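Listed in order, the protein sequences are those of chains R and G.
Heads up: the first sequence begins at 639 in our numbering, then just goes up one per residue.
Heads up: the second sequence begins at 639 in our numbering, then just goes up one per residue.
Where a beta carbon is used, it is the ideal one built from N, C-alpha and C, also for glycine.
Source: prediction; values computed, not measured.
One structure below.
Number of protein chains: 2
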Amino acid sequence: MNFTDKLLDASRKNKSWLCIGLDPDPELMPVADVLQFNEAIIEATSDLVCAYKPNLAFYEALGTEGLAILERMVKEIPGNIPVIGDAKRSDIGNTARAYAKALFSVLGFDAATVNPYLGYDSVEPFISYEDKEVFILCRTSNKGATDFQNLRSDGLPLYEIVARKAREWNIHGNIGLVVGATYPEELKKVRSICPEMPLLIPGIGAQGGDLASAVGYGVDARGEKAIINVSRQILYASKEKDFAQAARNVAEKIRNQVNDYRSKAR
Amino acid sequence: MNFTDKLLDASRKNKSWLCIGLDPDPELMPVADVLQFNEAIIEATSDLVCAYKPNLAFYEALGTEGLAILERMVKEIPGNIPVIGDAKRSDIGNTARAYAKALFSVLGFDAATVNPYLGYDSVEPFISYEDKEVFILCRTSNKGATDFQNLRSDGLPLYEIVARKAREWNIHGNIGLVVGATYPEELKKVRSICPEMPLLIPGIGAQGGDLASAVGYGVDARGEKAIINVSRQILYASKEKDFAQAARNVAEKIRNQVNDYRSKAR
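This is the structure in structure tokens:
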């Protein structure tokens, strides 16, 4: 089964376009054990999400052990829920192939994020895994994004040129885009350029993006394929023993808000 | 000691601006054991290089064990030789901080490569390690580089805008740039924008870049700070038992050629 089908199945079953970013931060975690923490979050929320998205940085910062935890955790996530490896990798052909192997074959992700700065031959080794999805960074949610992504060339900002290239490269139908919720107008523009692609939308919650516009501008014509990612707001909803239940409560609330905005958007 | 001093010391001691890319590829390696292979290469060449540059992709492709090998190998490289972690990482502030910790504190690299697409706040957590060097991807050596890096905005190609931003961001004096040897005119231009920065120059050998122009256009006014990276041409110089000696022979030849071109460039 390809990624889009798996995503749509999970989303329809759980009535959710919420994705939880599994980003364990030792300074914020209510328990010391990363695997135990993630397992508790997954157990408490797996009927409320369309996907999980671990960011590799948080596991790499834990050393070799962190990668072992990540590998084990990916296997423990219920098989019907797609897992997006947020790796933002980029390298030239030969090396990109090694990264694609690491993310799709070794770690077993259903999808991965990649950085487009190196151009087509850095993306091709990823999209050649036709059952996997490749989310290309387009317009990121951070302040510094404007340094380069909004530079105009022939009248178009770079992020729009990236969106157009992604559309052109999408011969296997397995490319998606990362577009931050913090810039609703840009999100709207990207959705108009790529009306059918899954969009991975971070920047809600801790980063300040507005949920209503993220959903309203992010969904496709059927009100789907806008993957709303939330990390810290859910993971660290409580510093106490009840952290998993607190995470579930926040996740359920956001899941329902997203659905409300989806019905308004249509 | 900061990176530049360590680099200059190693370079002057070994009379070399050659950097060897430690990129173990199981399909090309003459022995099965990655650690044993790397140790043999390092032992045979550590008096001929100014730096080593392992690319993380090749270790990640080996799974958790690969990262353990990388961690151990970095410790085994002679302490006077700087080690550049070729990671090409990119993420927003909070997460970039976790990547910087992974590369500089956990794996212990002296320098790392980063991708600029996400802008200043994705680079800042790396440069805040003032004794470490941050090589920002500027003009990469691959064919697809032109997809975005050569787009013009206000008359300047994106890679030149990146070089100018890097110069502006270089408040701690610990930023370098990655510029491929495959585009000599672009290399010349970048060197003119950043006359004093260390330039990491891949693309010689297997990728077809011309060594004479890479050195001629890459060095600074003193004929230094052009780090010429070669990987496959040295690592896989022989498929037989003599691979380490064969690697040494090729490394020595390139080291000497670089020095010849350096003296002509001045």
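- Counting the other Cβ atoms within 10 Å of the Cβ of residue 879 (chain G) gives fewer than 16, which makes it exposed.
- Under the 8 Å criterion on CB atoms, residue 737 (chain G) is classed as interfacial with respect to chain R.
- Beyond the five residues adjoining it in sequence on each side, residue 709 (chain R) comes within less than 7 Å, by CB distance, of 745 in the same chain, given in chain order.
- Measuring C-alpha to C-alpha distances from residue 756 (chain R) to each of G:788, G:643, G:860 identifies G:788 as the nearest.
- When beta bridges are read from the DSSP output, residue 771 (chain G) appears opposite G:749.
- CA-to-CA, the gap between residue 846 (chain G) and residue 868 (chain G) works out to about 11 Å.
- Secondary structure at residue 874 (chain R): coil, using DSSP grouped into helix, strand and coil.
- Listed along chain R are 791, each with a C-beta nearer than 7 Å to that of residue 790 (chain G).
- For residue 863 (chain R), the secondary structure class from DSSP, reduced to helix, strand or coil, is coil.
- Here the alpha carbon of residue 667 (chain R) sits roughly 15 Å from the alpha carbon of residue 693 (chain R).
- The C-beta distance from residue 812 (chain G) to residue 762 (chain G) rounds to 12 Å, too long to fall under 8 Å, and the pair is not in contact.
- For residue 750 (chain R), the closest alpha carbon among the candidates R:759, R:875, R:721 is that of R:721.
- In summary, the residues of the segment 652-664 of chain G whose CB is separated from some CB of chain R by less than 9 Å are 661, 663, in the order they occur in the chain.
- Assignment of residue 690 (chain G) by DSSP, reduced to helix, strand and coil, places it in the strand class.
- Counting along the chain, residue 658 (chain G) sits inside no alpha helix (DSSP H); it lies in the beta strand (DSSP E) bounded by residues 656-658.
- Within the same chain, and ignoring the five residues on either side of residue 865 (chain G) in sequence, the residues whose Cβ sits closer than 7 Å to its Cβ are 655, 657, 688, 689, 836, 837, 838, 839.
- Using a Cβ distance threshold of 8 Å, residue 885 (chain G) and residue 648 (chain G) do not count as a contacting pair.
- Beta bridge pairing from DSSP links residue 723 (chain R) with R:750.
- Within chain R, the C-beta atoms nearer than 9 Å to that of residue 757 (chain G) come from 778, 780, 781, 782, 783, 784, 785, 786, 787, in chain order.
- Measuring C-alpha to C-alpha distances from residue 896 (chain G) to each of G:802, G:652, G:664 identifies G:652 as the nearest.
- Just so you know, the alpha carbons of residue 805 (chain G) and residue 832 (chain G) end up roughly 7 Å apart.
- Exclusion of the five residues before and after residue 824 (chain G) leaves 777 as the residues of its chain whose Cβ lies within less than 6 Å of its Cβ.
- Chain order gives the chain G residues near residue 754 (chain R) as 755, 785, 786, where near means a beta carbon separation below 9 Å.
- Rounded to whole angstroms, the separation of the alpha carbons of residue 888 (chain R) and residue 650 (chain R) is 20 Å.
- Between residue 829 (chain G) and residue 855 (chain G), the beta carbon gap of about 6 Å places them in contact (Cβ cut-off 8 Å).
- With a threshold of 16 other beta carbon atoms within 10 Å, residue 732 (chain G) meets it and is buried.
- Within chain G, the C-beta atoms nearer than 9 Å to that of residue 744 (chain R) come from 698, 699, 700, 701, 702, 704, in chain order.
- Checking the DSSP bridge columns, you'll see residue 791 (chain G) partnered with G:794.
- Excluding sequence positions up to five before and after residue 673 (chain G), its CB lies within less than 8 Å of the CB of 707, 710, 711, all in the same chain and listed in chain order.
- Contact check for residue 853 (chain G) against residue 893 (chain G) fails: the beta carbons are separated by 8 Å or more.
- Annotation: the continuous beta strand (DSSP E) that includes residue 815 (chain R) extends over 813-817.
- Using a Cβ-Cβ cut-off of 8 Å, residue 814 (chain G) does not count as an interface residue toward chain R, since no Cβ of chain R sits closer than that to its own.
- Restricting attention to R:873, R:691, R:861, R:669, the CA atom closest to the CA of residue 903 (chain R) is found in R:861.
- Taken through DSSP and simplified to helix, strand or coil, residue 868 (chain G) comes out as strand.
- Taking each of G:857, G:715, G:671, G:781 in turn and checking the Cα distance to residue 841 (chain G), the smallest one comes out for G:781.
- Excluding the 5 residues flanking it on each side, residue 779 (chain G) has same chain C-beta neighbours closer than 6 Å at 818, 820, 840, 841, 845, in chain order.
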